[in-house]
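These notes concern the structure reproduced below.
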Amino acid sequence: MDITNWPVVWANYVSIAGFIFLGVLVWLIPKRLIFSGAKSNARWRDVRWWASALILLQLVIYATFAPPAAAETRLYIFDCGTLYLDDVSAFGLSNEETDARVMSVPCYMVEHGGKRLLWDGGLPLSLVGDSRQTLPTGLQTFYPRSLLDQLAMLNLQPEDFDYIAFSHFHFDHIGAANAFADAHLLIQEAEYQAAFVDHEKYPVFDASLYAALTDSPRTLLQGDHDVFGDGVVTLVSAPGHTPGHQVLLVRLPEYGPVLLSGDLYHFSETRSLRRTPVFNTDAEETLRSMDKVEALIAATGATLWIEHVKAQTDALKAAPDYYR
Ligand SMILES: [Zn+2]
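Numbering (numbering that gives the first Met the number 0), first residue to last: 0 to 323.
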């Protein structure tokens, strides 16, 4: 246990508890002890009152500077669909190397300092329905409750988001993007070039799914980016799956750092075996990104959440619950 890693706010809470303890302690001093040999028993001569006043002043100061609930950092997970596969060989694994045939498709919201970031947009909202849909590619999807409905449960609307960022612009990560056109888009310049300018060269990008973002306020990134300027939420450039693929590091005060994988990995086995999907734009670059992200995980002690690993996603708390 290394207490230097504890969030600073803990010092605040420990001090508040200490002052309350002191406040009780002074009143355990018997009155006769205080006034023994005193010329008068006037109340202002009772040091317990003076001590209490000072302790109260300290409590007010510490309570004032404790962060309000609205400013705390929270990470929410939404169910933005499920994908069913018969064959995983396109992901660089043989069908014998993994039992996984179902993929979770989560969306995430980070609240920090009263601002909100959407990370990944899930399956297209047009696939929301009570039963499984079969796509022209043969892939089956199930998306029973749209991201927008799940946000409404928290009394939130797309307009309440300050920033949007997507690991990449494949259809299962930007499905709700068009609803968030007012938010500020944080995108790697290489992804912007591929998805918005050269998308005809990349049949994996369906430009209609994010057409509304064409005129969105945006920042074109060339590498890692500190979203809120205080080191808590960092977009980490990890290209290879697509030209401007990125992952997200969130340093949660209580849970600890979490790294959201995007599609750097699709299965636990592609991580342990260092495999790359055949449809990645650059396999060598993907391996370099894996090295970079693994080094970051080792340095920060972050927990890796592989977004498409359903067993892992299912074991995590879903919205309206959250991590902090
Ligand atoms: Zn994906």
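A virtual CB, placed ideally from N, CA and C, is assigned to each residue, including glycine.
Computed from a prediction, not measured in an experiment: that's the story for all the values here.
Taking C-beta to C-beta, are residue i and residue j nearer than 7 Å?
i    : j    : result
Q57  : S166 : no
L124 : Q132 : no
L208 : Y191 : no
H240 : V203 : no
E253 : R323 : yes
L286 : L258 : no
V249 : V232 : yes
V104 : G121 : yes
G22  : I54  : yes
A301 : P238 : no
I305 : S260 : yes
P342 : A189 : Summary: the structure shown does not reach residue 342, with the chain confined to residues 0 through 323, and so no result is reported for it.
P276 : A89  : yes
L185 : A211 : no
Y75  : M108 : yes
L247 : W48  : no
A70  : N11  : no
Where do the N-terminal and C-terminal ends of the beta strand (DSSP E) with residue i fall, by residue?
i    : result
V235 : 232 to 236
V292 : Premise fails: V292 lies in the alpha helix (DSSP H), 282 to 299, not in any beta strand (DSSP E).
T269 : Not the beta strand (DSSP E): T269 falls in the alpha helix (DSSP H), residues 267 to 271.
K114 : 114 to 118
L259 : 255 to 259
L247 : 245 to 251
Can you name the residues that DSSP bridges to residue i?
i    : result
I15  : Partner(s): none; I15 has no beta bridge.
H183 : Y162
S103 : T81
I76  : Y107
F90  : Its beta-bridge partners do not exist; DSSP assigns none.
W304 : L259
V127 : Y142
Over what stretch of residues does the alpha helix (DSSP H) that includes residue i continue unbroken?
i    : result
I33  : 30 to 34
R334 : The structure shown has nothing for residue 334, since the chain only spans 0 to 323.
**OP:** Kindly provide the chain-ordered list of residues whose Cβ lies closer than 6 Å to any non-hydrogen atom of ligand 1.
**Re:** H169, D171, H172, D262, H307
Subject >> Cβ pair count under 8 Å reaching 3, the segment 190 to 199 against the segment 156 to 163 >> reply: no
Original post:
On the three-pair Cβ rule with 8 Å, is the segment 69 to 85 touching the segment 141 to 156?
Top reply: Because the criterion of three Cβ pairs below 8 Å is met, the segment 69 to 85 and the segment 141 to 156 touch.
Original post:
Are at least three pairs of beta-carbons, each pair with one atom in the segment 95 to 102 and one in the segment 113 to 123, less than 8 Å apart?
Top reply: no
Subject >> Cβ contact check for the segment 31 to 46 and the segment 82 to 93: 3 or more pairs under 8 Å >> reply: no
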